[in-house]
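Trainee: What follows is a structure written as structure tokens; I'll ask about it next.
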Amino acid sequence: MEINEKKLVEMKNIWKSYGEVQALRGVNFDVRYNEIIGLVGDNGAGKSTLIKTLIGIEDFSSGEIYFEGKKLQHINANLARKIGIETIHQRGNALEHLSVFRNIFINREIKKKLFWIDIKKMVEESKKALRNIRLQFDVFKNINELSGGERKGIAIARALYFKSKLIIMDEPTNDLSVTEAEKLIQISQKLKEEEISIIWISHNILDVYRVCDRIKLIDRGKDIADYEKEKITVDELREKIISAVRWRTSA
Amino acid sequence: MKKIFKIKEFGIISIILITYSIFFATNPLFLSKGNIQAILNSVGELGIIAVGVAFLMISGEFDLSVGSVFGFTPVVFFSIVPTFGIIPALFLCLLLACGIGALNGFLTLKINIPSFLVTLAGLMVFRGLVLWITKGFAFTITSEYYWFRNIVAGRNILGINNCFFFFIAVTVILTIILERTAWGNRSYAVGSNSEIARDVGVNVGKIKISNFILCSFLAGLAGILQFMRVFTIHPGTGTGYELQVIAAGVIGGTALFGGEGTIIGAALGSLFILSIDSGLIMMGVGGFGFRIFIGLTIISAIIMYNFLRRART
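Below you can see the structure in the form of structure tokens.
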């Protein structure tokens, strides 16, 4: 599928500090429609902080964020989901003690009348959502009975079901087996076909290079570079990241 | 076998069956009509508090002030009835109990003081207020309360007082809320992991504060029910209940740090606790063995629930 040059997300001149520490220094970042963009950088580069400001978990000191051309004023986690941003956090998105179907519909429960949730429909729809990404397991199972890959699958199924426009994956292959990581990469390509954009944050340069169309490098809260994949090799990319860190440590 | 283990109340049902069998084998009168009536007649108030505390614990918080709120509300009720009349006084007292819950929730969620400490302070403050208002004396209801007393605590069905049926009704309602409403779903979510729940957009503060309010409301309601049932309110009424209801919840399968548990489990847990006293006396052990037995049961229950958790997965 062709990448649409129009911007789904545009973050302009984002500044953020934690007390004396400047976490983001005027970062510009954008995500286009139907694109998988890699966000790379060393530890403490500001990747997670940038994402947290986008989904409203952290406030930012100054700057502007646009989603589908509309300026976001008071973004929070709930609003982010409502406008179509789903995040798969590094620490996980699945609630351990809840069953699969309750996890898929958490905070967006299907209601029958008044306050009652429609368990039957939630179960049926959960099965459908999982089938959609070729996953099949008992939706009554508790999350703590599932593997890391299956847990990530639930978050993706949820994003697809609720027609998210952007999925943010923070270190998505970290706790996955080789097979599960491979499957996730395939699913990510399928999501792109479904016209969902992805921000793929990772230290694993090989995965990033393989899955992403474009790669954004940030370091010490600054955006360093933006590479179209076809214009850079994986070795060059690795070298760019290392040299950014080398420059910082020598400075 | 795995299917049986998956029944959430399997643990507490096993505990009850085993202990009841031992008590019955030791003294068959344990399961006599009179003794069962006596147990059911006394379980209502403790059970109502226990299910409220379990609801709160499932969402990952504690309330140690329930015993004091249980004692405080009827004292206020008794004090204001002459001015307002029974029904308005009842509503005002329940509103007061809700206010205490809201304050506990506010201090925990908005000021970030752990609920253990907030409600420990509440335990002392409200017990102190009880002693201050009563000057250490007991109150007894007078004839003007009798009509109300007959409604809320009369013995109308099978010689069992209405408090027990209130307890059953509260258990059913809370079970439905917990299992079949978004509020219940989100209560499990915030108890399971409040950070992840917040990430997925759940309003953690709203859910937890609502549960604090519910918990205090039920403690206040139970206090007034007991006052009506036993005619008298002592300054020490409800002392130690906070730990008994937490024990009831834990024995009934409620996880101490949230995310797991059922209302029926906590209800059965309180039935178990109330049965122990009577069972031990009938075994000839005497009431002093009560605490030892409960302590040992808590440890055994936790070991069993850990085993069941592993067996399920």
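Quick note, the sequences are listed as chains A and B, same order.
Going left to right, the first sequence walks through residues 10 to 260 as the numbering used here numbers them.
Going left to right, the second sequence walks through residues 108 to 420 as the numbering used here numbers them.
We put the beta carbon where it would ideally sit given N, CA and C, even for glycine.
As the structure is a computational prediction, the values presented were derived from the model and not from experiment.
1. For A:His83, would you say it is in contact with chain B, using Cβ-to-Cβ distances shorter than 8 Å as the test?
2. Am I right that A:Asp270 and A:Thr182 are in contact with their C-beta atoms under 8 Å? What's the rounded C-beta distance?
3. Taking the runs of the beta strand (DSSP E) that are 3 residues or longer, which of them lie wholly in the segment 240 to 294 of chain B?
4. Do B:Ile146 and B:Ser385 count as a contact pair if the criterion is CB distance below 8 Å?
5. Given a cut-off of 8 Å on the beta-carbon distance, is the pair B:Asn318 and B:Phe162 in contact?
6. What's the call for A:His83, buried or exposed, on a 16-neighbour Cβ count within 10 Å?
7. A:Lys159 lies in the beta strand (DSSP E); which residues open and close that run?
8. From B:Tyr253 to B:Val259, what distance separates their C-alpha atoms?
9. So, is B:Asn257 buried or exposed, given that buried needs 16 or more other C-beta atoms within 10 angstroms?
10. For the segment 314 to 328 of chain B, which residues have a beta carbon sitting closer than 9 Å to at least one beta carbon of chain A?
11. Can you check DSSP and say which residues form a bridge with A:Lys150?
12. For the candidate residues A:Val30, A:Ala190, A:Tyr27 and A:Val40, whose alpha-carbon lies nearest to that of A:Tyr204?
13. So, at 7 Å on beta carbons, what are the nonlocal neighbours of B:Gly376 in its own chain, with the 5 sequence-adjacent residues on each side left out?
14. Just to confirm, are A:Lys25 and A:Thr58 a CB contact at a threshold of 8 Å?
15. Between which two residues does the alpha helix (DSSP H) containing A:Ala190 stretch?
16. Are B:Val182 and B:Ile207 close, meaning C-beta to C-beta below 8 Å?
17. Just checking: is the beta-carbon of B:Thr170 within a distance shorter than 8 Å of some beta-carbon in chain A?
18. In chain A, which residues lie less than 9 Å from B:Asn211 when you measure between Cβ atoms?
19. Let me know the secondary structure DSSP gives A:Leu63 once reduced to three states.
20. Give the residues from the segment 175 to 203 of chain A that approach chain B closer than 7 Å (Cβ to any Cβ), ordered along the chain.
21. Just the chain A side, please: which residues come within less than 9 Å of B:Gly167 by C-beta, in chain order?
22. Can you give me the start and stop residues for the alpha helix (DSSP H) that B:Asn318 sits inside?
23. What is the rounded straight-line gap between the Cα of A:Tyr236 and the Cα of B:Gly365?
24. Report yes or no: do three or more beta-carbon pairs, one from the segment 88 to 99 of chain A and one from the segment 167 to 183 of chain A, lie closer than 8 Å?
25. As a quick exercise: from B:Leu387, B:Lys217 and B:Gly159, pick the residue whose alpha carbon is nearest that of B:Ser423.
26. Please classify B:Arg398: does DSSP put it in a helix, a strand, or coil?
27. Using DSSP with H/G/I as helix, E/B as strand and the rest coil, what is A:Asn85?
28. Is it buried or exposed, A:Phe149, if we count other Cβ atoms within 10 angstroms and call 16 or more buried?
29. How far does the alpha helix (DSSP H) with B:Leu147 in it reach, from first residue to last?
30. Thinking just about the alpha-carbon of each residue, which of A:Glu239, A:Thr242 and A:Ser211 is nearest to the one in A:Gly50?
31. Work out the CA separation of B:Phe184 and B:Leu197 for me, nearest whole Å.
32. If the cut is a Cβ gap below 8 Å, which residues of chain B does A:Ile46 touch?
33. What three-state label does DSSP hand A:Leu144 in the structure shown?
34. What are the partner residues of A:Asp235, as DSSP defines its beta bridges?
Mentor: On the basis of the data shown:
1. Taking the first sequence and counting its residues from 1, the one referred to as residue 83 of chain A is at position 74. Closer than 8 Å: no.
2. Since the first and last residues shown for chain A are 10 and 260, residue 270 of chain A lies out of range.
3. 262 to 264
4. Within the second sequence, numbered from 1, the residue matching residue 385 of chain B stands at position 278. Within the second sequence, numbered from 1, the residue matching residue 146 of chain B stands at position 39. The answer is yes: Cβ separation under 8 Å.
5. Locating residue 318 of chain B in the second sequence gives position 211, where the first residue counts as 1. Locating residue 162 of chain B in the second sequence gives position 55, where the first residue counts as 1. Closer than 8 Å, so yes.
6. Here the question's residue 83 of chain A lines up with position 74 in the first sequence. With fewer than 16 Cβ atoms within 10 Å of its Cβ, A:His83 is classed as exposed.
7. Indexing the first sequence from 1 puts residue 159 of chain A at position 150. First, the amino acid is wrong: residue 159 of chain A is Glu here, not Lys. First-last for A:Glu159: Gly157 to Tyr170, but that is the alpha helix (DSSP H), not the beta strand (DSSP E).
8. Working through the second sequence from its first residue, we reach residue 253 of chain B at position 146. Working through the second sequence from its first residue, we reach residue 259 of chain B at position 152. Distance between the alpha carbons of B:Tyr253 and B:Val259: 10 Å.
9. Position 150 of the second sequence holds residue 257 of chain B. Exposed, by the Cβ-count rule.
10. none
11. Here residue 150 of chain A corresponds to residue number 141 of the first sequence, with the count starting at 1. None; A:Lys150 has no bridge partner.
12. Counting from 1 along the first sequence, the entry for residue 204 of chain A is found at position 195. The question names Tyr, but residue 204 of chain A is Glu in the sequence shown. Considering only alpha carbons, the answer is A:Val40.
13. Along the second sequence, read from residue 1 onward, the residue named residue 376 of chain B stands at position 269. If we look at B:Gly376 and ignore the five residues flanking it on each side, its Cβ neighbours are Ile119, Ala157, Ala355, Gly356, Ile358 and Gly359.
14. Translated into the one-based positions of the first sequence, residue 25 of chain A becomes position 16. Translated into the one-based positions of the first sequence, residue 58 of chain A becomes position 49. Going by C-beta atoms, A:Lys25 is nearer than 8 Å to A:Thr58.
15. Reading the first sequence from its first residue, position 181 is the one you call residue 190 of chain A. Here the alpha helix (DSSP H) through A:Ala190 covers Val187 to Glu202.
16. Counting from one through the second sequence, the residue named residue 182 of chain B turns up at place 75. Counting from one through the second sequence, the residue named residue 207 of chain B turns up at place 100. The answer is no: Cβ separation not under 8 Å.
17. Within the second sequence, numbered from 1, the residue matching residue 170 of chain B stands at position 63. Thr is not the amino acid found at residue 170 of chain B; the sequence shown has Asp there. No, B:Asp170 lies away from the interface with chain A (no Cβ there is under 8 Å from its Cβ).
18. Against the second sequence, residue 211 of chain B aligns to sequence position 104. What B:Asn211 touches in chain A: nothing, since even the nearest Cβ is about 24 Å away.
19. In the first sequence, residue 63 of chain A corresponds to position 54, counting from 1. It is helical.
20. none
21. For the purposes of this step, residue 167 of chain B is identified with residue 60 of the second sequence, where counting begins at 1. Ordered by position in chain A, no residue passes the 9 Å Cβ test against B:Gly167, which lies about 10 Å from the chain.
22. Position 211 of the second sequence, counting from 1, holds the residue named residue 318 of chain B. First-last of the alpha helix (DSSP H) with B:Asn318: Val311 to Val337.
23. Counting from 1 along the first sequence, the entry for residue 236 of chain A is found at position 227. Counting from 1 along the second sequence, the entry for residue 365 of chain B is found at position 258. Straight-line Cα distance between these residues: approximately 46 Å.
24. yes
25. No answer is possible for residue 423 of chain B: the residues shown for chain B start at 108 and end at 420.
26. Your numbering for residue 398 of chain B matches position 291 in the second sequence. Looking at B:Arg398 - three-state DSSP - the assignment turns out to be helix.
27. For this step, residue 85 of chain A is matched to residue 76 along the first sequence. Note: A:Asn85 maps to coil in three-state DSSP.
28. Taking the first sequence and counting its residues from 1, one reaches residue 149 of chain A at position 140. By the neighbour-count rule (16 or more Cβ atoms within 10 Å), A:Phe149 is not buried but exposed.
29. For the purposes of this step, residue 147 of chain B is identified with residue 40 of the second sequence, where counting begins at 1. Here the alpha helix (DSSP H) through B:Leu147 covers Lys140 to Ile165.
30. Within the first sequence, the letter at position 41 stands for residue 50 of chain A. For A:Gly50, the nearest C-alpha among the options comes from A:Ser211.
31. Along the second sequence, one-based indexing puts residue 197 of chain B at 90. Along the second sequence, one-based indexing puts residue 184 of chain B at 77. Those two C-alpha atoms are separated by around 7 Å.
32. As a working mapping, residue 46 of chain A is identified with position 37 in the first sequence. Simply none; closest approach about 21 Å.
33. Locating residue 144 of chain A in the first sequence gives position 135, where the first residue counts as 1. Reduced to three states, the DSSP call for A:Leu144 is coil.
34. In the first sequence, counting from the first residue as 1, residue 235 of chain A sits at position 226. A:Lys225, per the DSSP bridge assignment.
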